[in-house]
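Presented below is the structure to which this report refers.
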Amino acid sequence: MQSPSIPLLENPESNSLKNEQGFSLLEVVVALMIMAGGFLAVLNLFSGSVRSVDFSGQYLKAVTLANSKMNELEIQNFTVDDSSGNFKNEENYRWEVDISPYDSDLNNEESGIQLQKILLKVLWNDDGHTRNIELATLRLEGQTYPVADTQMERLFSGGAGSNNTDDEEETETPETPTPNSGTSTNISGSGQSIISGSGTQ
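Residue numbers 605 to 805, in our numbering, belong to the letters of the sequence shown in order.
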């Protein structure tokens, strides 16, 4: 006589083990995705920092070249044959200079005072984008540089004709600053500079 078959029941411990293994795999996948996202964020932050350092280095080099070129122009008494050119040993950087009359209340035709504005621009290529900085200064038209501050003061206080006075008179009557003047104006080849930078697409 054949005994009736009894269906085998699944072991509850086995089902629990399977469920635990499934959830563990899902958690590992989610953790890997979170780690990958964090790694990409850190990588982007690092590359952005490297880019910022490189960008700052480019501007620092441009400012250095602009100051060097401005000093060279001052030695040449701001007499230039070309209004643009390239820097030696710096093929990626070029310069442009513009010398034009400067509108100011200090200008005086009778005393021969006429200010000029020297605008020096340094340009360079950065990954297909044109970057530039500008360096500006003021000078007296027709004046030889460098000029001593005392001579410049005398020129503005008494006009161009005050340079023709005798040496004895200058020694007997030394100049004293006027008490009414609240500010002093110092204009020389590189006395007052304005630096600005911009990038164009």
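Just so it is clear, CB atoms sit at the ideal spot from N, CA and C, and this is done for glycine as well.
Does Met674 pass the burial test, meaning 16 or more other C-beta atoms within 10 Å, or should it be called exposed?
Looking up residue 674 in the sequence shown gives position 70. Buried is the label assigned to Met674, since at least 16 other Cβ atoms lie within 10 Å of its Cβ.
For a test of the three-state rule: what should DSSP assign to Tyr663, helix, strand or coil?
Position 59 of the sequence shown, counted from the start, is the residue given in the question as residue 663. Correct three-state label for Tyr663: helix.
Short check: CB of Ser687 to CB of Val667, under 7 Å?
Taking the sequence shown and counting its residues from 1, the one referred to as residue 687 is at position 83. Taking the sequence shown and counting its residues from 1, the one referred to as residue 667 is at position 63. If you check the CB distance, Ser687 and Val667 do not come in under 7 Å.
CB-CB under 8 Å to Gln720, same chain, minus the five flanking residues each way: which ones, in chain order?
Taking the first residue of the sequence shown as position 1, residue 720 is located at position 116. These residues qualify, in order along the chain: Phe682, Ile703, Ser704, Pro705, Tyr706, Leu742, Arg743, Leu744, Glu745.
So Ala551 and Ile722 are in contact, right, with Cβ under 8 Å, and what is the actual spacing, rounded?
Beyond the ends of the chain as shown, which are 605 and 805, falls residue 551; an answer cannot be given.
Check the C-beta distance from Gln662 over to Trp728 and give it rounded, since I have them as a contact under 8 Å.
For the purposes of this step, residue 662 is identified with residue 58 of the sequence shown, where counting begins at 1. For the purposes of this step, residue 728 is identified with residue 124 of the sequence shown, where counting begins at 1. Distance from Gln662 to Trp728 at the Cβ level is roughly 7 Å; contact confirmed, criterion being Cβ atoms closer than 8 Å.
Identified DSSP bridge partners for Val701:
Translated into positions along the sequence shown, residue 701 becomes position 97. For Val701, which the question treats as bridged, DSSP gives the partners Leu724.
DSSP state of Asn711, grouped into three classes?
Along the sequence shown, one-based indexing puts residue 711 at 107. Correct three-state label for Asn711: coil.
Distance between Leu629 and Glu695 (C-alpha atoms, nearest Å):
Residue numbering aside, residue 695 sits at position 91 when the sequence shown is read from its first letter. Residue numbering aside, residue 629 sits at position 25 when the sequence shown is read from its first letter. For Glu695 and Leu629, the distance between alpha carbons rounds to 57 Å.
By Cβ distance, which residues of its chain are closer than 8 Å to Trp699, with the 5 residues on each side in sequence left out?
Taking the sequence shown and counting its residues from 1, the one referred to as residue 699 is at position 95. Cβ within range, chain order: Leu669, Ala670, Lys673, Ser688, Gly689, Asn690, Phe691, Leu724, Lys725, Val726, Leu727.
Let's test the definition: count the other Cβ atoms within 10 Å of the Cβ of Leu644 and tell me whether it reaches 16, buried, or not, exposed.
Looking up residue 644 in the sequence shown gives position 40. The C-beta of Leu644 has fewer than 16 other C-beta atoms within 10 Å across all chains shown, which makes the residue exposed.
Tell me the residue span of the beta strand (DSSP E) that contains Asn690.
Translated into the one-based positions of the sequence shown, residue 690 becomes position 86. Its beta strand (DSSP E) spans residues 688 to 691.
Where Thr741 falls: helix, strand or coil (DSSP):
As a first step, residue 741 is located in the sequence shown; it is residue number 137 there, counting from the start. Note: Thr741 maps to strand in three-state DSSP.
Measuring straight from C-alpha to C-alpha, what distance separates Arg655 and Val684?
Counting from 1 along the sequence shown, the entry for residue 655 is found at position 51. Counting from 1 along the sequence shown, the entry for residue 684 is found at position 80. Arg655 and Val684 have their C-alpha atoms some 36 Å from each other.
How would you call Ile737, buried or exposed, if buried means at least 16 neighbouring beta carbons within 10 angstroms?
Here residue 737 corresponds to residue number 133 of the sequence shown, with the count starting at 1. With 16 or more other Cβ atoms inside 10 Å of its own Cβ, Ile737 counts as buried.
Have a look at Val634 and Gly641 and give me their C-alpha separation to the nearest angstrom.
The residue given as residue 634 occupies position 30 in the sequence shown. The residue given as residue 641 occupies position 37 in the sequence shown. If I take the Cα positions, the gap works out to 11 Å.
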